[in-house]
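Protein chains in written order, with our numbering: chain A, 96 to 327; chain B, 471 to 705.
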Amino acid sequence: MEQFFNFSVITDNFTYFMIGRFPHGPLGGVGLTLYLAVVSCILSFFGGMILGLFSISRFALVRYPALAFINLVRGMPLLMVIFWMYFLMPALFGKVAENNTVIMALTLFTSAYMSRIVVAGIEGIPKGQTEAAISTGLKSWQVMLYIVLPQGLRNMIPSFVNQFVSLIKDTSLAFIVGVSELTHVATQINNRTMAFPTEIFIFIALIYFILCYAFTSLSRWLEGRLSWSKAI
Amino acid sequence: MLNYTFDWSIITSGKYFDWLVSGLVTTLKLSAISIVLAFILGLIIAVMRMSHSRPVRWFAHAYLEFFRNTPLLVQIFFWYFGSYKILPTAVNDWLVSTNFEFAAAAIALTIYTSAFIAEDIRSGVLSIPKEQMEAARSAGFSYLRSMQYIILPQAVRITIPPLVNQFLNLAKNSSLAMTIGVMEMTYQARQVESYTFKGFEAFTAATVVYLLLSIAITALVNVYNEKVLNVHKAT
């Protein structure tokens, strides 16, 4: 067993796994994974908000395109979205860096899912509040902005954190277009060393697990806290 | 983009059409095999998760957390590249003698999906009133038998809609099998693109297929909800 498992391949390449060639080259590894996840998460928060609000709009001209887009993206595998972006972005905008292609794909994909969270959060606020706000003279956009969203957003936080966990897992697909995030780094090192695939893939699975489990626990904790503060 | 000429004929007939159809068949085959195995495995894990023995419960809990919190792609790579060191030689020989890419993808998809299915089944079981278990136990059934004859038949009925959704997720997730060379839908769309440079047409074909699949399955779930469970969905 000793000559079988050899984890020196991990210790030898540890910084490469973590940050790629960062100080002297582009960011990679875990660093890039987190960068992609965080940037896409922030962008898709706004994307999801817009799509969510559009999809419950009173105007059919706004509502149906938003619903069509959401269902289109939710019906597709993420890999397909990445290929579409990889193929369409250069045609539309000229040369685009791979990182941005992936961020774009992850943002579109996650926005569609986030929009459902936003809608659920808005529907969770009692209808009486909207009616009360309208009867005090607020316009409907003011009701949304000052009354419904501030309360709804707080209830959405745990689901947003769960979505972030999915994003961390989804960034592994960036590997397919050659973005050197953790999975890509792992396959690179695997191709170079040849003999230690088991060790390498167990190691990166553990890293993903630690990252995701930390955030899953955070979301559970938040859920408990929020339901507690809501009860008061 | 501006001087791109569309040529839909390449994907509606001939060699490339056959490629896409064979991709769809592989996707469906992979998804069907994996969902059946994942259901059985998920049922076992769900029962273990609710067991009275603490080590068994912890094992099931660790299994769920680990496989739900690691990317499917990494799991596919692990089974494809790295599993030979932990599997017995006989299993390795058998796997290599069959279609190993397909087998590795099926194993990874099964295990990944089983973790999600186990949670669905567990929440189905938790929705069955506790008294039923108590009544079954006092009628003399053992824990496993009360699960088998009283609780699970009811829980599975409630769990069918989330299970069907898991099948849909599985069908979409099976696109990742292309990374290890399983010639499924996405792989074939990619292949048609590289042979013909008609990416727009090839990707549209694959997208439409996935979309039809998900529309059909969502419609089925809605019908089941209304006719069998009498739940009326607002949307």
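C-beta atoms are modelled at their ideal positions from N, C-alpha and C, and glycine is treated no differently.
Small disclaimer: the values here were computed from a predicted structure and weren't measured.
Residue state for Gly115(A) is assigned as strand, using DSSP reduced to three classes.
The DSSP assignment places 559 to 567, 570 to 596, 600 to 608 and 613 to 616 as complete runs of the alpha helix (DSSP H) inside the segment 546 to 633 of chain B, in order along the chain (cut-off: 4 residues).
Note on Met289(A): under 16 other CB atoms within 10 angstroms of its CB, so exposed under the neighbour-count rule.
Here Glu654(B) carries a coil assignment [DSSP, helix/strand/coil].
Distance between Val495(B) and Gln246(A), taken at the CA atoms: about 47 Å. Residue pairing of Glu276(A) in beta bridges, as defined by DSSP: Gly124(A).
The Cβ-Cβ distance between Ser139(A) and Thr196(A) does not fall below 8 Å.
Contacts with chain B at 8 Å (Cβ-Cβ) do not include Cys136(A). Interface annotation, Met175(A): in contact with chain B, CB-CB separation under 8 Å. By a beta-carbon distance limit of 8 Å, Met171(A) contacts Tyr680(B). Their separation comes to about 5 Å. Under the DSSP assignment, Asn194(A) falls in the alpha helix (DSSP H) whose first and last residues are Glu193 to Glu218. Here the C-alpha atom of Asn700(B) lies approximately 50 Å from the C-alpha atom of Ile295(A). For the segment 680 to 691 of chain B, the set of positions with a beta-carbon nearer than 9 Å to some beta-carbon of chain A reads Tyr680, Leu681, Leu682, Leu683, Ser684, Ile685 and Thr688 in chain order.
The C-beta of Leu646(B) comes closer than 8 Å to at least one C-beta of chain A. Looking at the backbone, the Cα of Tyr533(B) and that of Ala228(A) are separated by about 48 Å. In its chain, beyond the 5 residues on either side, Val176, Leu203, Phe204 and Ala207 have a beta carbon closer than 7 Å to the beta carbon of Val168(A). Judged by DSSP secondary structure, Asp265(A) falls within the alpha helix (DSSP H) whose first and last residues are Leu244 to Asp265. A direct Cα-Cα distance of roughly 30 Å separates Ser275(A) from Asn166(A).
Under the three-state reduction of DSSP, Asn639(B) is assigned to helix.
Secondary structure at Ile151(A): coil, using DSSP grouped into helix, strand and coil. Interface criterion not met: the Cβ of Ala576(B) is under 8 Å from no Cβ in chain A. Three or more beta-carbon pairs drawn from the segment 500 to 516 of chain B and the segment 572 to 592 of chain B are found closer than 8 Å, and the two stretches are therefore classed as touching. Secondary structure note for Tyr486(B): its alpha helix (DSSP H) is the uninterrupted segment Gly484 to Arg519. Close partners of Thr649(B) in chain A (Cβ separation under 8 Å): Phe270 and Ile271. Chain A has a Cβ within less than 8 Å of the Cβ of Phe547(B). Secondary structure note for Val698(B): it is in no alpha helix (DSSP H), with a DSSP letter that is neither H nor E.
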